[in-house]
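Comments concern the structure below.
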Amino acid sequence: MSMKKWHLAGITFTIIAGTLDHFIYQWSSESVFLAPFSAVNESTWEHLKLLAVPLLLFSFAEHFAYGKVFSNFLAVRTCCVLAGMASIIVMFYGCVALTGQHWLWADIGIFVLSVICAYGLSFVLLNYRSLSGMTWEIIARVLLVLLVVSFIFFTKQPPHLFLFQDPVTGQYGM
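Just so we're aligned, residue 1376 is where the sequence shown starts under the working numbering, counting upward by one.
Here it is as structure tokens:
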């Protein structure tokens, strides 16, 4: 399968798995094991997991399928996860700032668009061999570890910042 087809499959997988990931915590009877990797409330932070977790899981499969050919694969995918997460934050709060409210259909559209942007960026960066070299590899590994640790830690003990507050309950974390 070509890299383009892998990216299209990744978009599809990430959208479907991310949508399901929204409900996994509830479906699992609030499993502490699954909490760091699925949304435990309606905060923006928890919704970032819906993009990051499936994209990283699919990237793992891609790495073995064709990613080893690209010395920049890990750095590119790390960049794309972070860019996708950033685009969710910017578009969500941008829409809320412009309209004064948010709608479910807009939230879904922002998620889908962010997934497409993340994979589109990946396709471009891999083709241009951007972010190559040991320095980028080390930076990517450190950032991925920090991201996973943040998901684990902030799920249980989030800072009391707007990004982490559940707009439905006003609570933070689990």
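By construction, the Cβ of each residue, glycine as well, lies at the ideal position given by its N, Cα and C atoms.
Could you name each continuous alpha helix (DSSP H) segment of 4 residues or more that falls completely within the region 1438-1492, going from the start of the chain to the end?
-> Correct list: 1448-1474.
Could you tell me whether the Cβ of L1519 comes closer than 9 Å to any Cβ of chain B?
-> Here chain B cannot be found, since the structure has a single protein chain.
If you draw a straight line from the C-alpha of L1521 to the C-alpha of H1438, how long is it?
-> Each residue's Cα considered, the two are about 21 Å apart.
Around the Cβ of Y1503, are there at least 16 other Cβ atoms within 10 angstroms (buried) or fewer (exposed)?
-> Y1503 is exposed by the Cβ-count criterion.
E1417, enclosing alpha helix (DSSP H) - first and last residue = Under the DSSP assignment, E1417 falls outside any alpha helix (DSSP H); it carries neither an H nor an E label.
Taking the Cβ atom as the reference point for each residue, do S1462 and A1493 lie within a distance shorter than 9 Å?
-> In this structure, S1462 lies near A1493, with their beta-carbon atoms less than 9 Å apart.
When burial is assigned at 16 or more other CB atoms within 10 Å of the CB, is R1516 buried or exposed?
-> By the 10 Å Cβ count, R1516 comes out exposed.
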